[in-house]
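Report on the structure given below.
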Amino acid sequence: MVRIGIILGSTRPNRNGGDVARWVLAHASGRGDAQFELLDLREHPLPHFDEPVPPSAGKYQNEHTRRWAATIDRFDGFVVVTPEYNHGAPGVLKNAFDYLYAEWNNKAVGFVSYGTAGGVRAVEQLRQVAGELQLADVRQQVSLSLRTDFEHYRTFAPAEHHRRSLATMLDQVVAWSTALAPLRAPAEDAG
């Protein structure tokens, strides 16, 4: 069974992302085709990228990088929950992607975003990052508006149609994560 990490991409004290990520996890956990786990970036603190060698070399010198690499490596795919800040993704989320390379390769990723315009511009930036990291980004995404899916911009109350979008996105992430499994197998297992 594939393992999917739900990455909560905001660390702000008053973030809306916690409720959104728990909503994703609650719906995902009812499925029987994958295991889901929440990865809160607050629990994986990383300084601004500080490795002396590019991540593609795989020579991580810092303990925080090795811990993050081990965490990401145990998953087959991801759902990223991200806000949009000034037409882009949060720096802490981009930094978390930048730390690693091979651990992201040949895995699927889907996006759940939120913001005044649904967070779609943050997702467009992250799709470019995903391509560089050899993450297969799925088409379906969930875009939540702070104006209509949050009461007074704070209390999460998603419209019903988002459940269908979420289900479709999860279907795609699980299917792609499963299909990419042979590419993730070590070379000696490839036969």
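Per full-length UniProt numbering, the sequence shown starts with residue 1, numbered consecutively.
Using N, Cα and C, we set each Cβ at its ideal position, and we do this for glycine too.
Exercise for the section: Note the first and the last residue of the continuous alpha helix (DSSP H) segment covering residue 181. Expected result: Start and end: 181-184.
Exercise for the section: Taking residue 52 as the reference, give the member of 13, 100 and 34 with the closest Cα. Expected result: Ranked by Cα distance from residue 52, the first of 13, 100 and 34 is 100.
Practice task
Answer with buried or exposed for residue 2, where buried requires no fewer than 16 other C-beta atoms within 10 angstroms of its C-beta.
Solution key: Note on residue 2: 16 or more other CB atoms within 10 angstroms of its CB, so buried under the neighbour-count rule.
Practice task
Examine the Cβ distances between the segment 126-143 and the segment 105-112 and report whether three or more of them are shorter than 8 Å.
Solution key: As far as the Cβ criterion goes, the segment 126-143 touches the segment 105-112, which means the pair count is three or higher.
Exercise for the section: Would you tell me roughly how many angstroms separate the C-alpha atoms of residue 171 and residue 22, rounded to the nearest one? Expected result: Rounded to whole angstroms, residue 171 to residue 22 spans 18 Å at the Cα level.
Problem - Residue from 115, 81 and 28 whose Cα sits closest to the Cα of residue 152 - result: With distances taken between Cα atoms, residue 152 lies closest to 115.
Practice task
Confirm, please, whether the CB-CB distance from residue 38 to residue 8 is below 8 Å.
Solution key: Residue 38 sits close to residue 8, with the two beta carbons spaced by under 8 Å.
Problem - 8 Å Cβ shell around residue 70 - same chain, five flanking residues per side excluded - result: So no residue of the chain qualifies.
Practice task
Quick one: using the 10 Å Cβ neighbour count with 16 as the cut-off for buried, is residue 68 buried or exposed?
Solution key: Per the 10 Å Cβ criterion, buried.
Problem - Alpha-carbon spacing of residue 18 relative to residue 133, whole angstroms - result: So the two alpha carbons sit approximately 26 Å from each other.
Exercise for the section: For residue 98, I'd like the list of residues in its chain whose CB is within less than 6 Å of its CB, leaving aside the five on either flank, ordered along the chain. Expected result: Leaving aside the five residues that flank residue 98 on each side, the residues in its chain whose CB is nearer than 6 Å to its CB run, in chain order, 49.
Practice task
Would you identify the three-state DSSP class for residue 53, choosing helix, strand or coil?
Solution key: Collapsing the DSSP output to three states places residue 53 in coil.
Practice task
Tell me whether residue 39 sits in a helix, a strand or coil according to DSSP, three-state version.
Solution key: Look at residue 39 here: in three-state DSSP terms it is strand.
Problem - Boundaries of the alpha helix (DSSP H) in which residue 110 is found, first to last residue - result: Unbroken run through residue 110 is the beta strand (DSSP E), 107-115; no alpha helix (DSSP H).
Exercise for the section: Report the option in 117, 24, 166 and 73 whose CA atom is closest to the CA atom of residue 185. Expected result: Looking at 117, 24, 166 and 73, the one whose alpha-carbon comes closest to that of residue 185 is 73.
Handout entry: Buried/exposed call for residue 29, threshold 16 Cβ in 10 Å
Key = It is exposed - the Cβ of residue 29 has fewer than 16 other Cβ atoms within 10 Å.
Exercise for the section: Indicate whether residue 6 and residue 177 have their beta-carbon atoms separated by less than 8 Å. Expected result: Against a cut-off of 8 Å, the Cβ pair of residue 177 and residue 6 comes out as no contact.
Handout entry: Nearest-angstrom Cα separation, counted from residue 146 out to residue 96
Key = Cα to Cα, residue 96 sits roughly 25 Å from residue 146.
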